[in-house]
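S.K.: Residue numbers (my numbering), protein chains in the order written: chain A, 12 to 289; chain B, 152 to 465.
Every residue, glycine too, gets a C-beta built ideally from N, C-alpha and C.
(1) Quick check on the burial criterion: 16 or more other C-beta atoms within 10 angstroms. Buried or exposed for residue 270 of chain A?
(2) Just confirm the distance between the C-beta atoms of residue 116 of chain A and residue 97 of chain A, as a whole number of angstroms; I'd bet it's less than 8 Å.
(3) Shortest alpha-carbon distance to residue 29 of chain A belongs to which of B:282, B:177, B:239?
(4) Specify whether the stretch 300-310 of chain B and the stretch 210-222 of chain B touch according to this definition: at least 3 beta carbon pairs, one from each stretch, less than 8 Å apart.
(5) Whose C-beta lies closer than 6 Å to the C-beta of residue 465 of chain B among residues of the same chain, with five residues either side of it excluded?
(6) Quick check on DSSP: helix, strand or coil for residue 394 of chain B?
(7) Counting contacts by CB-CB distance shorter than 8 Å, is residue 258 of chain A in contact with chain B?
(8) Short of 7 Å Cβ to Cβ, which residues in the stretch 188-200 of chain B face chain A?
(9) What are the complete alpha helix (DSSP H) segments, minimum 4 residues, inside the stretch 131-199 of chain A?
(10) Using a Cβ cut-off of 8 Å (strictly closer), state whether residue 89 of chain A contacts chain B.
(11) Determine the chain B residues that contact residue 263 of chain A at a beta-carbon separation under 9 Å, and present them in chain order.
(12) Spatial neighbours of residue 166 of chain A within its chain, please: C-beta separation below 7 Å, excluding the five flanking residues on both sides.
(13) Please tell me whether residue 337 of chain B and residue 382 of chain B are closer than 8 Å, where the distance is taken between their beta carbons.
(14) Assuming residue 240 of chain A and residue 83 of chain A are in contact, meaning their beta carbons sit under 8 Å apart, how far apart are those beta carbons, in whole angstroms?
(15) Going by CA-CA distance only, name the one from B:371, B:385, B:386, B:425 that's closest to residue 454 of chain B.
(16) I'd like to know if residue 263 of chain B contacts chain A, where contact means its C-beta is closer than 8 Å to some C-beta of that chain.
(17) Just verifying my parser: in three-state terms, what is the DSSP assignment at residue 411 of chain B?
(18) For residue 22 of chain A, list the residues DSSP reports as bridge partners.
(19) Residue 66 of chain A: buried (16+ other C-beta within 10 angstroms of its C-beta) or exposed?
(20) Skipping 5 residues on each side, what residues in its chain have a beta carbon closer than 7 Å to that of residue 257 of chain B?
(21) Does the stretch 122-139 of chain A touch the stretch 414-421 of chain B, meaning 3 or more C-beta pairs lie closer than 8 Å?
(22) Is it the case that the stretch 421-433 of chain B contacts the stretch 186-199 of chain B, given that we only count it when at least three CB pairs across the two stretches are under 8 Å?
(23) Hey, is residue 13 of chain A's beta-carbon within less than 8 Å of any beta-carbon in chain B?
(24) So with Cβ pairs under 8 Å, would you call residue 231 of chain A a contact of chain B?
(25) Have a look at residue 296 of chain B and residue 399 of chain B and give me their C-alpha separation to the nearest angstrom.
(26) Would you kindly work out how many angstroms separate the C-alpha atoms of residue 396 of chain B and residue 384 of chain B, rounded to a whole number?
(27) Within the continuous alpha helix (DSSP H) that includes residue 245 of chain A, where are the two ends?
(28) Using a Cβ-Cβ distance under 8 Å, would residue 171 of chain B count as near chain A?
(29) Starting from residue 263 of chain B and walking both ways along the alpha helix (DSSP H), at which residues does that stretch end?
(30) What does DSSP give as the partner residues of residue 211 of chain B in its beta bridges?
(31) Closer than 8 Å by beta-carbon distance: list the chain A residues that pair up with residue 267 of chain B, in chain order.
(32) Give the straight-line distance between the Cα atoms of residue 331 of chain B and residue 359 of chain B, rounded to the nearest whole angstrom.
(33) CA-CA distance, residue 61 of chain A and residue 250 of chain A?
(34) So for residue 234 of chain A, helix, strand or coil by DSSP?
(35) Excluding the 5 residues flanking residue 85 of chain A on each side, which residues of the same chain have their C-beta closer than 8 Å to its C-beta?
(36) With a threshold of 16 other CB atoms inside 10 Å of the CB of residue 188 of chain A, please say whether the residue is buried or exposed.
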């Protein structure tokens, strides 16, 4: 009798967990479905080659925003990826156990949890106010700050997977420690490091909050890196909160493009570059 | 090997070591610098308003009156609502993926859950404006008012845009965080624990209850705190659905404002220094709270999985 009760409770709880999983996935398909439905009907060639049109006019595009996002993500990667990888090398290759490494690791984890809008405030007060203008550089720098802890974490995990015997083989051949790291350890972990970098790029490509008051946004092409520049997420935000139907459609189309970029990056990173056995 | 060459090699080694050390330290510097930079910019507001800033209920830039309580209230209510919804569901997902799913299911469903985290905040906001808020206004809120209207939380005009919408959208956004961390710490529970429970005749649920959950408890708490931290600072989606009105109202249907949202909306419009400084101070409070939350959450998570040591050289 008691056994029946236990079995019944077992199946009930397992059912609850399955239900929770199904509930969790409803919003995913809800969001993807609506973005696909509304985005596809608004997406056309003009979207990719035109600049935004004046308020409420049909036929505008987001060419400048797409390029702007690309430019700022490149700036962020150029700054964030090398810093992240180098810091991760220190944490795994030179100094795994000291208080300094523990502190850096801890700060890295904590930094990933800081709201991204905080980064925007800091760059605004430190850079934009001093320089006197919003710019692609300030936007890219904010994204870089968000990238660094992500890169450190993923690179560190990958470097830790490299078997120590491979390093010892290097030393045994008389290769210096630095060369062993650069020529043997890094290439061995390259796939995983690239995966982590792609995921970090996917993450910052969709960031809006830190760009609001660093890159600001621009209805036209930015002529230099020292000018306000449009970006896909900020443009989507501005269009979504505007009262014009044409702009709402552009926001859906922009979301479709943004989500496609993010999901493709995720898929490629996870499945094309994934290698469990390094 | 000539002496000259040996020297050159060790120079390169030293440079690389120094460079990596510098970059590692830069992370610490970055964190301290961010805090200092904000404190510095917030100083005029801190000096002028003192503690009154946190308990002040009036936010009126025209009259130079700045009280952050409405924003703190809106942030707390939406985040706690999100936590209430997302914590049990996220934990359920983690248990399903870790203890029940076959490996194929685990990869596919795990990927879906991660996609939930990968969707940009602004896209959630867009969906919130055009899908979630109308649905709440026309279906959910009238229904809640009808059946649970005796509770003050569910009274008032259904508007759609308000704390309920903010809480719901935050729940969706923090669910992957809670699920992922819970999964990570549950995966760190030794299989021997599970086998021991099963060998004593436990059912699967009993095994989870007596062998897995107690072991992973503090890590799961940490995951929930990380989720809370994410909810407190989440900006775009909340800004787009919360209604953006600095009032303190009990009803979840009523429009409110959050700390991150007021920064996002008013920062570029702050026309004088004190205004800007007050906004930065809100940011500083947010920074402080999330920093503390993450600090303690990481200690909890580290106590179960990953650990501060960074693994041993094998």
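M.R.: Answer, in terms of the structure:
(1) buried
(2) Contact doesn't hold; Cβ gap of about 15 Å is too wide.
(3) B:239
(4) no
(5) Unreliable placement is indicated for residue 465 of chain B, whose pLDDT of 27 sits below 50; no coordinate value is reported for it.
(6) strand
(7) no
(8) 188, 189, 192
(9) 147-172, 175-183
(10) no
(11) 277, 281
(12) 95, 96, 99, 204, 207
(13) no
(14) Right, the Cβ-Cβ distance comes to about 7 Å (below 8 Å), so this counts as a contact.
(15) B:371
(16) yes
(17) helix
(18) For residue 22 of chain A, which the question treats as bridged, DSSP gives no partner whatsoever.
(19) Using a 10 angstroms sphere on the CB of residue 66 of chain A, the tally of other CB atoms stays under 16, which defines it as exposed.
(20) Excluding positions up to five away in sequence, the list reads 248.
(21) A contact between stretches requires three or more CB pairs, one per stretch, nearer than 8 Å, and the stretch 414-421 of chain B meets this requirement with the stretch 122-139 of chain A.
(22) Remark: three or more beta-carbon pairs, one from each stretch, lie closer than 8 Å, so the stretch 186-199 of chain B and the stretch 421-433 of chain B are flagged as touching.
(23) no
(24) no
(25) Straight across, the Cα-Cα distance linking residue 296 of chain B with residue 399 of chain B is about 20 Å.
(26) 18 Å
(27) DSSP places residue 245 of chain A in the uninterrupted alpha helix (DSSP H) bounded by 243-251.
(28) Residue 171 of chain B counts as touching chain A.
(29) 254-269
(30) B:216
(31) Simply 35, 36, 38, 39.
(32) 17 Å
(33) 16 Å
(34) coil
(35) 151
(36) buried
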